[in-house]
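Numbering (the numbering used here), first residue to last: 549 to 1118.
We put the beta carbon where it would ideally sit given N, CA and C, even for glycine.
The following block contains the structure:
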């Protein structure tokens, strides 16, 4: 196995960790997390095995959408620190082997951004065409609203000029006109600036929305929307050769594939658009499978993944910072997941998703929680963790909307979970209470407990990093199973191969494996061992390449295929 290859396309087997600086660690005790506090906790991420830190927006903001309403693309929110603090974070993270990426939010700005303030001042403003306007009243657009509990349409009348501006999200977030060459140049300038500061790439927000404009007005010249994404990727590659664009594209696979580039879709060439894309389709099918205790939806979805460019990757995840969207499920399927994991309407959001974290949805069953994270790290792709997942944090449903899962990080059992010494009323968000509060769930206690979830996730990260076939396999082999609850899949890259078994059901089973390339020698002696990387056990196949492996209720195993001449460490 050519391990050195993994250093070139580092993102294919990275471990990504997403956090909001505002809720991670408050070092000056003003109630708001800050960059100096994050630097002080960087060794927690290093110990966990994180290789890529994804920062949610840290830019100056009107703070009406948790930082996604930006008023200055080139600055740092003064509540969080300054540019020097960010540089210190990047430098310290690099010393620990961690790259840093950040949100690139270019579909819209805050309505307080200087560009929009100028644009709405006059129809003759030099920044007027930075945004999308309509002189006539647009038709009803209630069916296009992203946040139906907040908006009734995607156009709002600007009283000063008498024209309507478009906002696909909130009305205080006017859409940038990305078909305008000046806007594209401005966005490239933003990308170039932060790349020069030291970022290793960007998580690109709402990609399909910001590519939607093509030749919408005078002077706009994009004939094909994807040309902009291609030029942005090329620009970033010129500036920083191994930087990435990790895109939020929640579309069916066939449409999603186009955002990787490699237009013929055979997966044999390098891509020229997004480097990674979140696999929303698989994530939603995972929750359907968990609700049914049936691995079928996951197996079928893995087999339906389209070929992607050889340098591209899927970003897999259990939870992210938004609502847990279920919009790609049918109405009946979504109802199943709601009934299993969020029957109370207050647990649901926008009629399409959940605002809960995994442990609470699984009623705190440690077997199921560990099985799900074992499955996450064994799936072909790059795993992405949302802060607090490593210790099993819960949500606070008393917080508004999506903020239920964006609560302060729980470091200790002390007041405010050790996040801050400020009064509770000054915190950036309410701390989780009850059985998932800091007195029960925190980093300090789990660091000292060899049986904790934190220790388990550290093991998963280590084994994943030692098994590059899990990230580099071009195809996943689904192994036939008589048990509906069992997912058995195999990932192979060069001479490395791992079989992963996961039982989504509540009954122990005997899992039959049929591995024709793992037959015993003619004399019956084992030529191949199946070594469990998570448990101190191993099995061998018979002369027909068959073996039977026991699997507990909600059990999991990673079986590395070890041949006689293998020199890999186990």
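Only residues of its own chain outside the window of five on either side were considered, and among them 718 have a CB closer than 7 Å to the CB of residue 698, listed in chain order. A distance below 7 Å between beta-carbons, with the five flanking residues on each side excluded, links residue 1077 to the following residues of its chain, in chain order: 1086, 1088, 1110. For residue 1106, the enclosing beta strand (DSSP E) has its first and last residue at 1104 to 1111. Within the stretch 1003 to 1045, the complete beta strand (DSSP E) runs of at least 3 residues fall at 1024 to 1026, 1034 to 1041.
Pairing residue 573 with residue 581 gives a Cβ-Cβ distance under 7 Å.
Residue pairing by DSSP puts residue 1058 in a beta bridge opposite 1098. Bridge pairing for residue 682: 712 [DSSP].
Counting only unbroken stretches of 4 or more residues, the alpha helix (DSSP H) elements lying wholly within the stretch 830 to 866 are 844 to 852, in sequence order. The alpha-carbon of residue 972 is positioned some 29 Å away from that of residue 594. About 11 Å separates the beta carbons of residue 950 and residue 977, which is beyond the 8 Å limit, so they are not a contact pair.
Residue 559 carries a helical assignment under DSSP once its states are collapsed to helix, strand and coil. When Cβ pairs closer than 8 Å are counted between the two stretches, the stretch 636 to 645 is seen not to touch the stretch 680 to 696, the count staying below three.
Distance between residue 887 and residue 737, taken at the CA atoms: about 47 Å. Taking every protein chain shown into account, the CB of residue 708 has fewer than 16 other CB atoms within 10 angstroms, so this residue is exposed.
Ranking 645, 816, 750 by CA distance to the CA of residue 1022 puts 816 first. Between the beta-carbon of residue 900 and that of residue 879 there is about 10 Å, and that puts the pair past the 8 Å contact cut.
The C-beta distance from residue 635 to residue 746 rounds to 7 Å, short enough to fall under 8 Å. Around residue 1101, the same chain offers 915, 1051, 1053, 1054, 1055, 1056 as residues with beta carbons nearer than 8 Å, after the five sequence neighbours per side are excluded. Cβ-Cβ separation between residue 1118 and residue 1079: approximately 5 Å, consistent with a contact (criterion under 8 Å). Taking a C-beta distance under 7 Å as the contact criterion, residue 1106 and residue 1048 qualify as a contact pair. By the CB criterion at 7 Å, residue 654 and residue 599 fall outside the cutoff.
Residue 1039 and residue 1018 do touch by the CB rule: their CB atoms are close to 5 Å apart, below 8 Å. Residue 555 sits away from residue 1010, with the two beta carbons spaced by 7 Å or more. In terms of CA proximity to residue 912, 941 leads the group 926, 941, 903, 932. In the three-state reduction of the DSSP assignment, residue 628 falls in the coil class, being assigned neither a helical nor a strand state. With a 10 Å radius around the Cβ and a threshold of 16 neighbouring Cβ atoms, residue 677 comes out buried. With contacts defined as CB atoms closer than 7 Å, residue 787 and residue 820 fail to qualify as a contacting pair.
Taking the C-beta atoms as reference points, residue 577 is found nearer than 7 Å to residue 968. Contact between residue 1062 and residue 1094 holds: CB atoms are separated by about 5 Å, below the 8 Å threshold.
Check the Cα spacing between residue 794 and each of 724, 725, 751: the tightest is with 751. By a beta-carbon distance limit of 8 Å, residue 666 contacts residue 673. Their separation comes to about 5 Å. Beta-bridge annotation (DSSP): residue 751 is paired with 651, 794. By the criterion of at least three beta-carbon pairs nearer than 8 Å, the stretch 838 to 845 is not in contact with the stretch 802 to 810. Annotation: residue 771 to residue 656 spans about 21 Å, alpha carbon to alpha carbon. Between the alpha carbons of residue 988 and residue 944 lies a distance of about 15 Å. The Cβ-Cβ distance between residue 1059 and residue 1005 does not fall below 7 Å.
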